[in-house]
Amino acid sequence: MQNGTQIPESRKCEPAEYEYKKTSYAELFEVLQSLRKHEIFCDVKLETDDKKIIFAHKVVLASASPYFHAMFTNFAEKNYDLVTMRQLNSTCLQLLVNFIYSGEIVITEKNVQDLLSAANLLQLQEVKDACCDFLETQLCSTKLYRV
1 MQNGTQIPES RKCEPAEYEY KKTSYAELFE VLQSLRKHEI FCDVKLETDD KKIIFAHKVV
61 LASASPYFHA MFTNFAEKNY DLVTMRQLNS TCLQLLVNFI YSGEIVITEK NVQDLLSAAN
121 LLQLQEVKDA CCDFLETQLC STKLYRV
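Note that full-length UniProt numbering numbers the sequence shown so that position 19 is 19, with each residue one more than the last.
Following this line, the structure appears as structure tokens:
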């Protein structure tokens, strides 16, 4: 209102809205990985047959893997903080958990067979595809790998 005049209805400001969407979650996952490595807020310990323990957050594992999602929602493991992982060696499980948190994995001639099997069990399709891509690049007339 200026000098006793009113602002016409048509000139009043409408409530503004601005939607921002973050396009990269890399920083978030770096923080989660750091929390995991320092065993902060971890609510599950994955124990392998060789008795190695890998700390993690159930919600992160479940968000990346249908296997873990089913485990932590439909089975008794949802109430456990220690889960024994059969059929997986600790090296592969560590690589796959790191992948879930970072989106990165190193596939080699030495680990590809075990990784492919473990990724299949944990239903990590991206890792399965990456293993298959790696194997395809390794195939040539002089090399054949048995998977």
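The beta-carbon is built from N, C-alpha and C at its ideal position, and this holds for glycine as well.
**Asked** Does the beta-carbon of A76 have 16 or more other beta-carbons within 10 angstroms, so that it is buried, or is it exposed?
**Response** Residue numbering aside, residue 76 sits at position 76 when the sequence shown is read from its first letter. By the 10 Å Cβ count, A76 comes out exposed.
**Prompt:** Roughly how many whole angstroms lie between the Cα atoms of E39 and P15?
**Reply:** As a position in the sequence shown, residue 39 is number 39, starting the count at 1. As a position in the sequence shown, residue 15 is number 15, starting the count at 1. For E39 and P15, the distance between alpha carbons rounds to 45 Å.
**Asked** What is the rounded straight-line gap between the Cα of D50 and the Cα of Q87?
**Response** What you label residue 50 is simply residue 50 of the sequence shown in a count that begins at 1. What you label residue 87 is simply residue 87 of the sequence shown in a count that begins at 1. The alpha-carbon atoms of D50 and Q87 are separated by roughly 11 Å.
**Prompt:** If you draw a straight line from the C-alpha of L115 to the C-alpha of I107, how long is it?
**Reply:** By one-based count along the sequence shown, residue 115 stands at place 115. By one-based count along the sequence shown, residue 107 stands at place 107. Taking the straight line joining both Cα atoms gives about 8 Å.
**Asked** Since A118 contacts C92 with CB under 8 Å, what's their CB separation in whole angstroms?
**Response** As a working mapping, residue 118 is identified with position 118 in the sequence shown. As a working mapping, residue 92 is identified with position 92 in the sequence shown. Right, the Cβ-Cβ distance comes to about 4 Å (below 8 Å), so this counts as a contact.
**Request:** Kindly list the residues whose CB is nearer than 7 Å to the CB of L120, restricted to its own chain and excluding five residues on each side of it in sequence; keep chain order.
**Result:** Position 120 of the sequence shown, counted from the first residue, corresponds to residue 120. The sequence as given places Asn at residue 120; Leu does not occur at that position. Closer than 7 Å at Cβ, skipping near neighbours: K128.
**Prompt:** Using a C-beta cutoff of 7 Å, does E47 count as contacting chain D?
**Reply:** Structure shown: chain D not included; a single protein chain is present.
**Spatial neighbours of H69 in its chain, beta-carbon cut-off 7 Å, leaving aside the 5 residues before and after** = To locate residue 69, count along the sequence shown from 1; it is residue 69. Beyond the five residues adjoining it in sequence on each side, H69 comes within less than 7 Å, by CB distance, of A62 in the same chain, given in chain order.
**Request:** For A130, collect the residues of the same chain with a Cβ closer than 8 Å to its Cβ; drop the 5 residues on either side in sequence, then sort them by chain order.
**Result:** Translated into the one-based positions of the sequence shown, residue 130 becomes position 130. So the qualifying residues of the chain are I105, I107.
**Request:** State the Cα-Cα distance for the pair S102 and E47, rounded to the nearest angstrom.
**Result:** Residue numbering aside, residue 102 sits at position 102 when the sequence shown is read from its first letter. Residue numbering aside, residue 47 sits at position 47 when the sequence shown is read from its first letter. Taking the CA atoms as reference points, S102 sits about 21 Å from E47.
**Item:** Start-end ranges of the alpha helix (DSSP H) lying completely within the region 80–111, minimum 4 residues
**Value:** Complete alpha helix (DSSP H) runs here, min 4: 90–102.
**Request:** Note down, in chain order, each residue of its chain lying with its Cβ closer than 6 Å to the Cβ of A64, except the 5 sequence neighbours on either side.
**Result:** Stepping through the sequence shown from its first residue, residue 64 is reached at position 64. Excluding five sequence positions before and after A64, the CB atoms of its chain that fall closer than 6 Å to its own CB belong to I100, given in chain order.
**Message:** Cutting at 7 Å between CB atoms, please list the residues of its own chain near P66, excluding the five before and the five after it.
**Reply:** Start at 1 with the first residue of the sequence shown, and residue 66 comes out as number 66. Excluding sequence neighbours, P66 sits near Q123.
**Asked** Are L96 and K45 closer than 7 Å when you measure CB to CB?
**Response** Locating residue 96 in the sequence shown gives position 96, where the first residue counts as 1. Locating residue 45 in the sequence shown gives position 45, where the first residue counts as 1. No, they are not a contact pair.
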